[in-house]
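Quick note: the sequence shown, position 94, residue 93 per numbering that gives the first Met the number 0, numbers continuous.
What follows is a set of notes on a single structure, which appears directly below.
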Amino acid sequence: MESDINLYNCVIVDLAYYDNEKHITVSVNTKDDGFEMSCEVDGIGFSLCGEYYFETFQLLRDRLLELGYGIKCNGSRINAIQSGMFGYSEKIYIVSMGNQALNKDLCSIWDHADIKDFPSTKEQKMFAEQWYKSIDNKNR
């Protein structure tokens with residue numbers, strides 16, 4: 000498979016001063032063994048690699064959080080879940096407790112989201128576990 004690069008223009012917000020937004024470009028390089036995402040913030044360039052698309056996004060998002068920035072896109076929502084069948088794509092579901100993910104809940108990680116809370120991957124995974132349990136309990 001040849002390398003394929005896509006660019007996404009995103010808004011990040013300084014978590015110390017929520018009204019201070021910046022625009023960045025995230026480069027997503029699709030490789031034979033997964034994905035590489037890179038960007039530059041305040042003159043600091045970095046690149047992160049992962050096997051699955053959302054997993055790689057989460058690494059990028061967590062690095063931005065370490066630098067004091069939240070990225071305003073759907074992938075940063077606490078209730079963003081990626082199905083295994085979309086593991087190699089930018090598609091995610093935005094879910095709610097007790098409700099199965101439906102086609103209407105499908106969107107791109109990179110679509111802008113006007114959000115104020117920026118969870119870490121750990122917090123996102125905790126939500127996902129609770130969501131899975133809420134579905135399981137509803138189906139009993």
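Cβ coordinates follow ideal geometry from the N, Cα and C atoms, glycine included.
Could you check whether residue j and residue i sit closer than 8 Å to each other, using their CB atoms as the reference points?
| i | j | result |
| --- | --- | --- |
| Val10 | Lys90 | no |
| Gly74 | Phe56 | yes |
| Val25 | Phe34 | no |
| Tyr146 | Lys115 | Here the chain has residues from 0 to 139 only, and residue 146 is not among them. |
| Gly97 | Tyr52 | no |
Apart from the five residues just before and just after residue i, which ones in its own chain have a Cβ nearer than 7 Å to its Cβ?
| i | result |
| --- | --- |
| Val94 | Asn78, Ile80, Ala100, Asp104, Trp130 |
| Met0 | For Met0, the pLDDT reaches just 45, beneath the cut-off of 50, and the residue's location in the model is therefore unreliable, leaving the point undetermined. |
| Gly49 | Gly33, Phe34, Thr55, Leu58 |
Please go through the same chain and pick out, in chain order, the residues whose beta-carbon is closer than 8 Å to the beta-carbon of residue i, but skip the five residues on each side of it.
| i | result |
| --- | --- |
| Ile43 | Leu66 |
| Glu148 | The structure shown does not extend to residue 148, since the chain is modelled only from 0 to 139, so the question has no answer here. |
| Trp109 | Tyr7, Cys9, Val25, Cys72, Asn73, Gly74, Glu89 |
| Asn19 | Val12, Asp13 |
The alpha helix (DSSP H) with residue i in it runs from where to where?
| i | result |
| --- | --- |
| Ile53 | The sequence as given places Phe at residue 53; Ile does not occur at that position. Unbroken alpha helix (DSSP H) run through Phe53: 52-65. |
Report all residues from its chain with a CB closer than 6 Å to the CB of residue i; omit the five preceding and five following residues, and keep chain order.
| i | result |
| --- | --- |
| Gly69 | Val12, Leu14, Phe117 |
| Ala127 | Ile80 |
| Leu63 | Ile70 |
I think residue i touches residue j, with their Cβ atoms under 8 Å apart; what is that distance to the nearest whole Å?
| i | j | result |
| --- | --- | --- |
| Asp82 | Tyr92 | Looking at the sequence provided, one finds Ser at residue 82 rather than Asp. Going by Cβ atoms, the distance from Ser82 to Tyr92 rounds to 7 Å, so yes, they are a contact pair. |
| Met36 | Leu59 | 5 Å |
| Thr29 | Asp3 | 4 Å |
Along the chain, where does the beta strand (DSSP E) that runs through residue i open and close?
| i | result |
| --- | --- |
| Cys106 | 105-107 |
| Lys71 | No beta strand (DSSP E) contains Lys71, which DSSP labels as neither H nor E. |
| Asn28 | 20-30 |
| Asn8 | 3-13 |
| Phe34 | 33-40 |
| Lys90 | 90-93 |
| Gly44 | 43-49 |
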